[in-house]
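Quick notes on the structure that follows.
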Amino acid sequence: MMSRITQMAGKPLCTLFSLVLLSMPSAAIADDYPPKKILEFVAGVGLTVGGDKIADVDVETYDGDTRSAEVHAGNLFHLYGGVNVLIPDSDFSVQTTIGWHSDGIFTTDDGSIEFTRYPLELIPFYSFNKFRVGFGLTYHLSPKLNGNSDAGLGDREYEDALGTALAIEYRISSIFSLGLRYTNIEYELDKHDAHWSEIEIKKSEEIDGSNIGIYSTFLF
């Protein structure tokens, strides 16, 4: 009788022990391959060239000579930050960023000039191997040329502009990528504020701000 009870109690224990053993490899695999994250924070910098020339100023060099310095609507430094949302069970993601894009001349007796805008971007990306390719929209807020009386230029304000962006990146490491980006965009003049008199010139002038640039991006 005692033997039968022992046998009956032993079967459930053996079954439970077997289930524990089977679950151990699964737990180990789960530790080795943690769930993929669905959100990455983005920070980066771009160096861009292109666009129409919107200012030309003579700059005095250190040896006393003068040279011509230009401000272009597609130049020069682009700083940005935002998030990259990874779509589960796919190779797609959607990146949205807000940034500061500027070109300027600051060391001249003829006055400082700066062209600034604030790009808001929404770019879907497709990833393969270590590359990712994206095409999306860029919306530039408050494009403005800041001039002064010494340079003979007033402030020029442009309307917010919508354009497109094409990007390709190579992921060098798990948190860093390097790539190229082409932006196609135009700015339409809203008003021109001269220093000695108010001059309103609305919707009478367009400048091309299209550019190509080298971009380095951190994703973490």
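Note that the sequence shown covers residues 35 to 254 in my numbering. Glycine residues also receive a C-beta, built at the ideal position from the N, C-alpha and C atoms.
| Asked | Found |
| --- | --- |
| Got a sec, what are the start and stop residues for the beta strand (DSSP E) residue 178 sits in? | 165-180 |
| For the candidate residues 98, 201, 176, whose alpha-carbon lies nearest to that of residue 136? | 176 |
| Assuming contact is defined by CB atoms lying nearer than 8 Å, are residue 32 and residue 130 in contact in what I supplied? | The structure shown does not extend to residue 32, since the chain is modelled only from 35 to 254, so the question has no answer here. |
| For a quick check, are the C-beta atoms of residue 78 and residue 254 less than 8 Å apart? | no |
| Around the C-beta of residue 203, are 16 or more other C-beta atoms found within 10 angstroms, so that it is buried, or is it exposed? | buried |
| How many angstroms separate the CA atom of residue 107 from the CA atom of residue 242? | 7 Å |
| Only counting the same chain, and skipping five residues up and downstream in sequence, which positions put a Cβ closer than 7 Å to that of residue 139? | 91, 93, 103, 105, 146, 147 |
| For a test of the three-state rule: what should DSSP assign to residue 244, helix, strand or coil? | coil |
| Using beta-carbon positions only, say whether residue 199 and residue 174 come within less than 8 Å of one another. | no |
| Within 10 Å of its beta-carbon, does residue 73 have 16 or more other beta-carbons around it, so buried, or fewer, so exposed? | exposed |
| Can you tell me the Cβ-Cβ gap for residue 244 and residue 217, rounded? I've got them flagged as a contact below 8 Å. | 6 Å |
| Mind checking which residues open and close the beta strand (DSSP E) that includes residue 208? | Where residue 208 is concerned, there is no enclosing beta strand (DSSP E), given that its DSSP letter is neither H nor E. |
| Of all the options 211, 221, 239, 188, which has the alpha carbon lying nearest to the alpha carbon of residue 80? | 211 |
| Could you name the residues of the same chain whose beta carbon sits closer than 8 Å to that of residue 257, not counting the 5 residues immediately before and after it, in chain order? | Residue numbering for the chain in the displayed model covers 35 to 254; residue 257 lies beyond these limits and cannot be assessed. |
| To the nearest angstrom, report how far apart residue 223 and residue 167 are at their CA atoms. | 33 Å |
| Quick one, which of 87, 97, 99, 120 has its alpha-carbon nearest residue 71's? | 120 |
| Near residue 100, what residues of its chain come up, given a Cβ to Cβ distance below 7 Å and the 5 sequence neighbours on each side ignored? | 92, 93, 94 |
| Could you say which of 126, 125, 110 lies nearest to residue 133 if we only look at CA atoms? | 110 |
| Just curious, the beta strand (DSSP E) that residue 239 is in, first and last residue? | Careful: residue 239 lies outside any beta strand (DSSP E) and carries neither H nor E. |
| Rounded to whole angstroms, what's the CA-CA distance from residue 239 to residue 205? Just pull it up for me. | 40 Å |
| If you count every other CB in all the chains shown that lies within 10 Å of the CB of residue 75, and 16 or more means buried, which is it? | exposed |
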